[in-house]
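Chemist: Residue numbers for the sequence shown follow our numbering, beginning at 1 and rising by one.
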Amino acid sequence: MVTSDTRNRPMRDLRISVTDRCNLRCRYCMPAERFGRDHRFLPDDAVLTDDEIVRLAGIFVGLGTHKLRITGGEPLLRAGLPQLVARLTSRLPADGDLALTTNGTLLQKLAPRLRDAGLHRVTISLDALDPDIFSRLGGTSLEPKRVLAGINAALSAGLGVKINTVVKRDVNESQVVPLAKLAHDLHVPIRFIEFMDVGTTNGWNHHHVVPSAELIARLAEHFDLAKVHQPDLSETARRYHHTEAPESAEVGFISSVSEPFCRDCTRARLSADGKFFTCLFASGGHDLRSLLRIGADDAALTRTITGIWNARGDRYSEQRAHATPGDRHDKPEMSYIGG
């Protein structure tokens, strides 16, 4: 069964947040002044259990979802994650895909176990190679070499690897070329992401956005890039390959602010406490945990999820440019909903 929304967008991708906690305090996601020692994270009994996650994932797969992505917070903080990965793998169809997004700081030891459990790919956030910029942007005393060790461990374990970099003006623009060179040399794809107004605590301002067109022009001064034909309209990134070394991995640009792609978005999100979000910028989620815990059967859960998606009309990024301050609504934080 395949279910579609009001704009004929199928539900092909499900991002599953397994924790709202993280060991970094990135400025664009969990700024330390808002997520300090006194911040109240979800209590353990509010977070979905492995059984609940696996059950819901199976229902989403039955509705046409082919891609599952484990997110957080930092998902590697969740105890027993390899076991959960193995169980999720068993719910996917033969052509399905299971990926994980991580900041990479805990990946070095876990990469082999995750690969053995059935994980296919990891997307690793890396916003700077310069230690000072990395520390300042990530709100951490850790150094980027910790993330690089995680990348190498993932590659050695046989995992597919992609690097994600959020670019914020006057903060880490200087790191774009060095990071692109790193990805080129490692033969892994990299995605440069425009700084987005996810949540309400990251101090988003349009001035801080570096449009992808500007980054493409900057990289063209150092690399010979050619646009990749993309028949899959649901891809969020505009992709380019290195013409002088086609075997090298691609450079991509995710332009949610300057070039919204709402019309092709097929992504659903499940928060760590079981709320179903139909958009990264949604004002609220739909509580599936309560249905699970009062004993709803799979048929009832399927009807609920289908009804929610069928009614979906989200297109926040397309509407952002025309919104007035009074139109803006509180949005869930990225650390809660999963990126």
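No residue lacks a Cβ here, since even glycine has one placed at the ideal position from N, Cα and C. Small disclaimer: the values here were computed from a predicted structure and weren't measured.
Would you please state the rounded distance, in angstroms, between the beta carbons of residue 63 and residue 305? I believe it to be under 8 Å.
Modeler: Correct: roughly 6 Å between the Cβ atoms.
Chemist: Do residue 236 and residue 195 have their beta-carbon atoms positioned less than 7 Å apart in this structure?
Modeler: No, the pair does not count as a contact, with Cβ atoms beyond the cut-off.
Chemist: Quick one, which of 12, 100, 92 and 128 has its alpha-carbon nearest residue 27's?
Modeler: For the residues 12, 100, 92 and 128, the minimum Cα distance to residue 27 belongs to 128.
Chemist: Are the beta-carbon atoms belonging to residue 68 and residue 88 less than 7 Å from one another?
Modeler: Yes. Within cutoff.
Chemist: For a quick check, are the C-beta atoms of residue 410 and residue 189 less than 7 Å apart?
Modeler: Only positions 1 to 339 of the chain appear in this structure, which leaves residue 410 out of reach.
Chemist: Let me confirm a value: residue 2 is counted as buried when at least 16 other C-beta atoms fall within 10 Å, else exposed. Which label applies?
Modeler: Its Cβ having fewer than 16 others within 10 Å, residue 2 is exposed.
Chemist: What did DSSP end up calling residue 194 once you bin it into helix, strand or coil?
Modeler: Residue 194 falls in the strand class under three-state DSSP.
Chemist: Straight-line CA distance for residue 257 to residue 166?
Modeler: Cα-Cα distance, rounded: 12 Å.
Chemist: Which value, in whole angstroms, describes the spacing of the CA atoms of residue 244 and residue 220?
Modeler: Going by the C-alpha atoms only, they are around 13 Å apart.
Chemist: Quick one: what's got a C-beta closer than 8 Å to residue 155's C-beta in the same chain, skipping five residues either side?
Modeler: Around residue 155: 161, 186 and 188.
Chemist: For the segment 95 to 109 against the segment 117 to 132, are there 3 or more C-beta pairs whose distance is under 8 Å?
Modeler: Touching, yes, given that three or more Cβ pairs across the two stretches are closer than 8 Å.
Chemist: When we look at the beta-carbon of residue 294 and count the other beta-carbons within 10 Å, is it buried (16 or more) or exposed?
Modeler: Classification of residue 294: exposed, given that the 10 Å Cβ count is below 16.
Chemist: Does DSSP put residue 134 in a helix, a strand or coil?
Modeler: Helix.
Chemist: For residue 176, does the three-state DSSP call read helix, strand or coil?
Modeler: In the structure shown, residue 176 sits in a helix (DSSP, three-state: H, G or I).
Chemist: Could you give the distance in angstroms between the alpha-carbon of residue 214 and the alpha-carbon of residue 334?
Modeler: One C-alpha to the other measures close to 25 Å.
Chemist: Are three or more beta carbon pairs between the segment 284 to 293 and the segment 41 to 58 nearer than 8 Å?
Modeler: Touching, per the Cβ criterion.
Chemist: With respect to 6 Å, is the separation between the Cβ of residue 243 and the closest non-hydrogen atom of the ligand NAP below this value?
Modeler: Judged by which ligands are present, the structure shown has none, so any question about the ligand NAP falls away.
Chemist: List the DSSP bridge partners of residue 160.
Modeler: The partner list for residue 160 (beta bridge, DSSP) reads 121.
Chemist: Reducing DSSP to helix, strand and coil, say where residue 240 ends up.
Modeler: The answer is strand: DSSP assigns residue 240 an E or B state.
Chemist: Straight-line CA distance for residue 301 to residue 268?
Modeler: Their backbone Cα atoms lie some 15 Å apart in a straight line.
Chemist: In terms of residue numbering, what span does the beta strand (DSSP E) encompassing residue 99 cover?
Modeler: From DSSP, the beta strand (DSSP E) with residue 99 extends over 97 to 102.
Chemist: Under DSSP, the alpha helix (DSSP H) around residue 299 begins and ends at which residues?
Modeler: Taken as a continuous stretch (DSSP letters only), the alpha helix (DSSP H) holding residue 299 covers 298 to 310.
Chemist: Pick out whichever of 73, 61 and 45 has its Cα sitting closest to the Cα of residue 35.
Modeler: Ranking the options by Cα distance to residue 35, first place goes to 73.
Chemist: Can you give the Cα-Cα distance for residue 280 and residue 75, rounded to whole angstroms?
Modeler: About 18 Å.
Chemist: Considering only residues of the segment 239 to 295, which uninterrupted beta strand (DSSP E) runs meet the minimum length of 3 residues and lie entirely inside it, listed in chain order?
Modeler: If we require 3 residues or more, the beta strand (DSSP E) runs fully inside the segment 239 to 295 come out as 251 to 254, 267 to 270 and 275 to 277.
Chemist: Tell me the DSSP secondary structure of residue 16 in three-state form.
Modeler: Looking at residue 16 - three-state DSSP - the assignment turns out to be strand.
Chemist: Rank 288, 208, 182 and 278 by C-alpha distance to the C-alpha of residue 9 and give the top, closest one.
Modeler: Out of 288, 208, 182 and 278, 278 has the C-alpha closest to the C-alpha of residue 9.
Chemist: In three-state DSSP terms, what is residue 82?
Modeler: Correct three-state label for residue 82: helix.
Chemist: Under the assumption that residue 65 contacts residue 13 (Cβ atoms under 8 Å), give the Cβ distance between them as a whole number of angstroms.
Modeler: Contact holds; Cβ gap of about 7 Å.
Chemist: Per DSSP, what kind of secondary structure is residue 326 in: helix, strand or coil?
Modeler: With a pLDDT of only 49 at residue 326, under the threshold of 50, the placement of this residue in the model should not be trusted, and no figure is reported.
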